[in-house]
């Protein structure tokens, strides 16, 4: 199996502290995701984050699932549990614990759990590439990931200059067109650029 076939996608998380998160935490909320996270079995974290984030996370998860190969992985970055599968079931208690964490390199629980998870993933992947679907402008994800994966850490070149919602729309359009984006190494890349033209409506 070659490097492309084992290429893994790392997705930045949704916020567990925003307005949509309050809908989940509200005792009287009665929609499907809220009911599931209150149940003993919980709900898949990918489904929960897609609800919390809307277009951006939904675009990342849809894209990763569309272009992941059988030998590759999809992992979500978390503030307190390192890298987890989008199928991991989480409860309201788990989400509250995440909301008390912080994706900050100065926050030791995040830094330690991310480093352990990244090293374990690197050992499993061998020389396969890793694609970051998340913020490339700050070091909060990239510093740890670059230390572990180096030149194998890639990102979609068309992310440069785009905001979160534009990235989400771009990813969904790529899935619609069955067109995987072009990736470049994050190491040494120009992470800030001129904002590209607005995407045409889908």
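In our numbering, the protein residues as written are 1 to 202. Glycine residues also receive a C-beta, built at the ideal position from the N, C-alpha and C atoms.
Can you give me the C-alpha to C-alpha distance between residue 1 and residue 26, rounded to a whole angstrom? Any reading at residue 1 must be qualified, since the residue scores a pLDDT of 47, below 50, and its modelled position is unreliable; the value itself is stated next. Their Cα atoms are separated by approximately 47 Å.
Would residue 143 be called buried (16 or more neighbouring beta carbons within 10 Å of its own) or exposed? exposed
Here's a check: name, in chain order, each residue in its chain whose Cβ is nearer than 6 Å to the Cβ of residue 103, leaving out the five neighbours to either side. 79, 110 and 140
Supposed close pair residue 116, residue 82 - CB separation, criterion 8 Å: 6 Å
What residue from 66, 77, 176 and 37 has the CA that sits closest to residue 13's CA? 77
What would DSSP say about residue 181, mapped onto helix, strand or coil? coil
For residue 188 and residue 158, the rounded distance between their alpha carbons: 16 Å
Where residue 109 falls: helix, strand or coil (DSSP): helix
Figure out for me which residue from 85, 33 and 60 has the closest Cα to the Cα of residue 20. 33
For residue 36, count the other beta carbons within 10 Å of its own beta carbon; 16 or more makes it buried, fewer makes it exposed. Which is it? buried
Less than 6 Å between C-beta atoms, sequence neighbours within five positions excluded: which residues of the same chain meet that for residue 58? 50
Give me the DSSP bridge partner(s) of residue 8. 130
With H, G and I counted as helix, E and B as strand and the rest as coil, what does DSSP make of residue 2? Note that residue 2 scores 49 on pLDDT, short of 50, meaning its location in the model is unreliable; the coordinates nonetheless yield the value given after this. Residue 2: coil per DSSP, three-state reduction.
For residue 88, three-class secondary structure by DSSP: coil
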